[in-house]
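Asks:
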Amino acid sequence: MSSNITECELEQRLLAVAEERRHHFLQTLQQLDAALAATLQAMPADEWADYPPLAAWPQLQPQLNALKQVDAALCQWQIGLYGLCSDCEAELTAEQLLQDPCRQRCDPCEQKYGKAQPVSWQL
Ligand SMILES: [Zn+2]
Numbered sequence: 039m040s041s042n043i044t045e046c047e048l049e050q051r052l053l054a055v056a057e058e059r060r061h062h063f064l065q066t067l068q069q070l071d072a073a074l075a076a077t078l079q080a081m082p083a084d085e086w087a088d089y090p091p092l093a094a095w096p097q098l099q100p101q102l103n104a105l106k107q108v109d110a111a112l113c114q115w116q117i118g119l120y121g122l123c124s125d126c127e128a129e130l131t132a133e134q135l136l137q138d139p140c141r142q143r144c145d146p147c148e149q150k151y152g153k154a155q156p157v158s159w160q161l
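Numbered according to our numbering, the sequence shown spans residues 39 to 161.
#1: Go ahead and label P90 buried or exposed: buried means 16 or more other beta carbons lie within 10 angstroms of its beta carbon, across all protein chains shown.
#2: Give the list of continuous alpha helix (DSSP H) stretches no shorter than 4 residues that lie fully inside the stretch 75-135.
#3: Are the CB atoms of C140 and A111 within a distance shorter than 8 Å?
#4: Given that a residue counts as buried once 16 or more other Cβ atoms are within 10 Å of its Cβ, and exposed if not, what is A83?
#5: If W86 sits next to L98, beta carbons under 8 Å apart, how far is it from one beta carbon to the other, in whole angstroms?
#6: Roughly how many whole angstroms lie between the Cα atoms of E129 and E49?
#7: Between the alpha carbons of Q134 and R143, how many angstroms are there, rounded?
#8: Assign Q149 to one of two classes, buried (16 or more other C-beta atoms within 10 Å of its C-beta) or exposed (fewer than that).
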């Protein structure tokens, strides 16, 4: 990575985003179903997004997707593939990662990916 941003800073940022998203998610869930929130708190945080009972709350899906992104980024960090485009394996810049620590794609691939998504799924 060619900049003054160190790997350590990127890791701190990624962990901070993970912490923030998980905290926010739990707060939201607590208002919907306090018992379920308590169950999740006793589970490893990287298993939350795939916990089947959460599928009963469609309004949680955007946050669950955000958690999945964080889980994927943390997993990539652990196996040493963090910061590589998931499509073409180009190295993302430290600036891009600092801006969005869960970023999965370089600009050209992001554009292609965005175009490939059907518009109607957001309805
Ligand atoms: Zn790419």
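In this text, a Cβ means the ideal position worked out from N, Cα and C, and glycines have one as well.
Replies: This is what the structure holds:
#1: exposed
#2: Restricted to the stretch 75-135, the alpha helix (DSSP H) segments that are unbroken, complete and at least 4 residues in length are 99-116, listed in chain order.
#3: yes
#4: buried
#5: That belief does not hold up - the Cβ atoms of W86 and L98 are roughly 10 Å apart, past 8 Å.
#6: 16 Å
#7: The alpha-carbon of Q134 is positioned some 10 Å away from that of R143.
#8: exposed
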